[in-house]
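Okay, so here's the structure we're looking at.
Protein chains: 2
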Amino acid sequence: MVKTVTLRDAWSGEADCRNCSLRTSVLFAGLQERDFERIHDPIDQFTLKPGHALYHAGDTGEFMFTVRSGACKLIQYLPDGSQRIVRLVRTSDVLGLEAILGDCYQHEAVALQVTEVCRFPARMVRDLGTENPTLHRELMARWQRALSEADAWLTQLSTGSARQRVARLLLRLVREGAPDECHLFGREDLGAMLGVTTETTSRTIAEFKRRRLLVETKPNLFVLDLPNLRRIAEE
Amino acid sequence: MVKTVTLRDAWSGEADCRNCSLRTSVLFAGLQERDFERIHDPIDQFTLKPGHALYHAGDTGEFMFTVRSGACKLIQYLPDGSQRIVRLVRTSDVLGLEAILGDCYQHEAVALQVTEVCRFPARMVRDLGTENPTLHRELMARWQRALSEADAWLTQLSTGSARQRVARLLLRLVREGAPDECHLFGREDLGAMLGVTTETTSRTIAEFKRRRLLVETKPNLFVLDLPNLRRIAEE
DNA sequence: CGACCCGTTGAGAGGCTTCAACGCAGGTGG
DNA sequence: CCACCTGCGTTGAAGCCTCTCAACGGGTCG
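Heads up: the protein sequence lines correspond to chains B and D, in order.
Quick note, the first sequence lines up with residues 1 to 235 if you use the UniProt record's numbering.
Quick note, the second sequence lines up with residues 1 to 235 if you use the UniProt record's numbering.
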């Protein structure tokens with residue numbers, strides 16, 4: 001299911017951070033011109049196909065990544081072999097923070113869609129971070145955000161009935177810009193995010209569709225009935 | 001249930017960080033003498049009784065805390081009013097990391113046992129951290145540890161049958177020094193950690209006791225049958 | 001002694017899982 | 001070009017697990 005791909009195959013060019021279109025929202029937002037001059041290692045861009053892994057749990061973490069577009073799931077495996085998705089990483093999020101500490105990756109990172117990422121050496125961030133207070137702060141903020149996300153997954157997506165969980169997940173998947181639209185992933189992945197089976201997920205979503213809480217406009221693109229979904233999520 | 005206590009009532013003295021018995025394992029492990037000279041604000045110690053809150057979600061986070069002994073639960077509430085325990089904080093752990101960023105507290109922190117904490121201003125850590133690479137690194141490591149804990153709670157304690165969850169929680173509660181002993185909390189708290197009801201938790205633990213997987217030596221102190229509990233946890 | 005909290009246990013209902021089957025789409029190969 | 005296969009979403013039926021509501025006993029504290 002998960003294809004192990006050499007990143008060589010996915011290479012799509014060298015990044016130009018100074019002129020990055022995400023420059024304001026990205027980890028390096030606070031860097032000045034003199035900081036960029038200190039970046040000597042090349043920063044590469046990659047394009048991942050759905051199902052392809054960016055890294056595996058236990059790999060030595062030499063690199064960190066910024067997601068430019070698309071989405072990745074962070075997976076942890078249970079002793080019995082089943083998997084649980086512990087977080088989603090989307091545009092402008094950072095992958096592999098643990099590499100700064102020299103830890104190995106804690107999850108398997110797998111693309112859910114076509115996903116573009118920038119890769120940079122963790123050592124570079126470590127060095128810049130000790131001298132640049134803005135980056136230092138930004139790093140802590142990223143960790144805190146990841147932690148808040150983790151807590152939210154526990155309280156919102158792993159608590160309550162399957163119907164509530166699905167509703168809460170749908171509401172979390174909408175993005176600014178299209179506040180009532182939502183792109184859905186495969187039922188198996190949704191189930192692994194919610195801690196329920198594929199069948200239960202499918203049944204619940206099918207029921208939502210029948211009740212017009214979800215309307216499929218294009219394949220896998222849904223318009224949400226926000227008020228009623230919120231009601232279900234909270235009841 | 002949760003008593004809101006002014007910390008004034010729980011004050012138990014001023015800390016002497018230089019001679020702290022936890023000095024080597026605590027956030028300030030890397031501080032040098034010259035760093036301590038820069039600490040002018042007093043660092044107070046408090047002793048909390050079970051059920052008493054250290055801070056509430058949404059409070060402005062001015063302080064951080066180190067747990068010297070005991071244990072606190074970090075609670076988040078769901079829209080319907082039910083609560084979920086998202087993490088435990090125990091000896092030498094840090095509470096309120098988010099305060100460094102100026103965020104308000106994300107959880108309600110409530111003592112599960114008699115708990116001693118040291119309180120220090122977040123601003124102090126922020127200032128020391130920007131100039132002290134060791135502390136800087138230690139802070140990131142603390143965040144990473146919290147994140148790993150959060151992921152583990154999701155995959156181990158919120159996945160699988162109630163029997164598996166209880167077994168995994170028991171195995172997580174043993175501490176170095178007494179590798180097969182474990183102090184249990186109230187059934188309601190255990191349930192809130194596992195995402196199951198009080199009754200299910202009670203039934204499961206009672207069943208474990210009947211099957212001799214748990215033997216109560218003192219009130220609420222249990223000796224564990226590690227091999228068999230591991231088997232249940234992983235099956 | 002009575003009130004209360006907490007852990008335990010029972011009975012019934014409901015929800016989720018499990019196992020199985022089916023249809024549909026896309027891709028492959030004859 | 002079409003038959004075939006495979007992956008995925010859906011649906012059904014049965015069984016099990018967990019929740020819900022309720023009751024009971026032991027302990028503590030006023």
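The beta carbon of each residue, even a glycine, is placed where N, CA and C say it ideally should be.
Within-8 Å CB hit, residue i to chain D
i                         : result
threonine 200 of chain B  : no
arginine 231 of chain B   : no
methionine 193 of chain B : no
valine 86 of chain B      : yes
threonine 155 of chain B  : yes
glutamine 144 of chain B  : yes
alanine 141 of chain B    : yes
glycine 158 of chain B    : The residue asked about is misnamed: residue 158 of chain B is serine in this sequence, not glycine. True, the Cβ-Cβ gap to chain D drops below 8 Å.
aspartate 151 of chain B  : yes
glutamate 62 of chain B   : no
glutamine 106 of chain B  : yes
Closer than 8 Å to chain B by CB, residue i
i                           : result
arginine 90 of chain D      : no
leucine 78 of chain D       : yes
arginine 172 of chain D     : no
valine 94 of chain D        : no
serine 148 of chain D       : yes
methionine 1 of chain D     : At methionine 1 of chain D the pLDDT is 44, less than 50, meaning the model places this residue with poor confidence; the figure from the coordinates comes in the next sentence. Not one chain B Cβ lies under 8 Å of methionine 1 of chain D.
leucine 101 of chain D      : yes
glutamate 188 of chain D    : no
phenylalanine 28 of chain D : no
glutamate 235 of chain D    : yes
glutamate 138 of chain D    : no
glutamate 33 of chain D     : no
glutamate 98 of chain D     : yes
Candidates the options: closest to residue i by CA position
i                            : options                                   : result
glycine 195 of chain D       : D:Leu169, D:His40, D:Leu7 and D:Asp103    : D:Leu169
aspartate 9 of chain B       : B:His52, B:Ile39 and B:Arg38              : B:His52
arginine 231 of chain B      : D:Ala111, D:Pro79, D:Pro50 and D:Phe185   : D:Pro79
methionine 124 of chain D    : D:Ala146, D:Ala150 and D:Leu97            : D:Leu97
phenylalanine 185 of chain D : D:Gly58, D:Gly102, D:Phe208 and D:Leu112  : D:Leu112
valine 235 of chain B        : B:Arg212, B:Gln156 and B:Ala178           : Checking the sequence, you will find glutamate at residue 235 of chain B rather than valine. Ranking B:Arg212, B:Gln156 and B:Ala178 by Cα distance to glutamate 235 of chain B puts B:Gln156 first.
arginine 18 of chain B       : B:Leu214, B:Pro121 and B:Val26            : B:Val26
glutamate 188 of chain B     : B:Arg203, B:Cys182 and B:Leu221           : B:Arg203
alanine 178 of chain B       : B:Lys49, B:Pro121 and B:Leu221            : B:Leu221
asparagine 132 of chain B    : B:Leu7, B:Glu33 and B:Leu190              : B:Glu33
threonine 91 of chain B      : B:Ile100, B:Ile39 and B:Arg23             : B:Arg23
glycine 30 of chain B        : B:Leu139, B:Ala99 and B:Leu7              : B:Leu139
proline 219 of chain D       : D:His183, D:Thr198, D:Arg210 and D:Met193 : D:His183
Nearest-angstrom Cβ-Cβ length linking residue i and residue j, presumed shorter than 8 Å
i                        : j                           : result
valine 89 of chain D     : valine 67 of chain D        : 6 Å
leucine 229 of chain D   : alanine 167 of chain D      : 5 Å
valine 117 of chain D    : phenylalanine 65 of chain D : 5 Å
alanine 233 of chain B   : glutamine 164 of chain B    : 6 Å
arginine 119 of chain B  : phenylalanine 46 of chain B : 6 Å
histidine 107 of chain B : glutamine 76 of chain B     : 6 Å
aspartate 93 of chain D  : alanine 150 of chain B      : Not a contact, Cβ separation roughly 16 Å.
leucine 74 of chain D    : serine 158 of chain B       : That pair is no contact at about 16 Å.
aspartate 44 of chain D  : alanine 15 of chain D       : 7 Å
tyrosine 105 of chain D  : alanine 57 of chain D       : 6 Å
aspartate 103 of chain D : glycine 61 of chain D       : 6 Å
Unbroken beta strand (DSSP E) runs of length 3 or more, entirely within the UniProt domain "Cyclic nucleotide-binding" (27-103) of chain D: which are they? Fully enclosed beta strand (DSSP E) runs of 3 or longer: 44-48, 53-55, 63-69, 71-77 and 83-90.
If you measure beta-carbon to beta-carbon, which residues of the stretch 122-136 of chain B are closer than 7 Å to chain D? Listed in sequence order: Thr130, Pro133 and His136.
Could I get the ranges of all uninterrupted alpha helix (DSSP H) runs contained in the UniProt domain "HTH crp-type" (160-227) of chain B, with 4 residues as the minimum, in chain order? Fully enclosed alpha helix (DSSP H) runs of 4 or longer: 162-173, 187-194 and 198-210.
Could you list the residues in the stretch 9-26 of chain B with a C-beta less than 7 Å from some C-beta on chain D, going in chain order? Residues passing the 7 Å Cβ filter: none.
Closer than 7 Å, Cβ to any Cβ of chain D: which residues of the stretch 215-228 of chain B, in chain order? Listed by position along the chain: nothing, the set is empty.
Which parts of the stretch 127-165 of chain B are runs of the alpha helix (DSSP H), unbroken and 4 residues or longer, counting only runs that do not cross its ends? Those alpha helix (DSSP H) runs which fall completely within the stretch 127-165 of chain B and span 4+ residues are 133-152.
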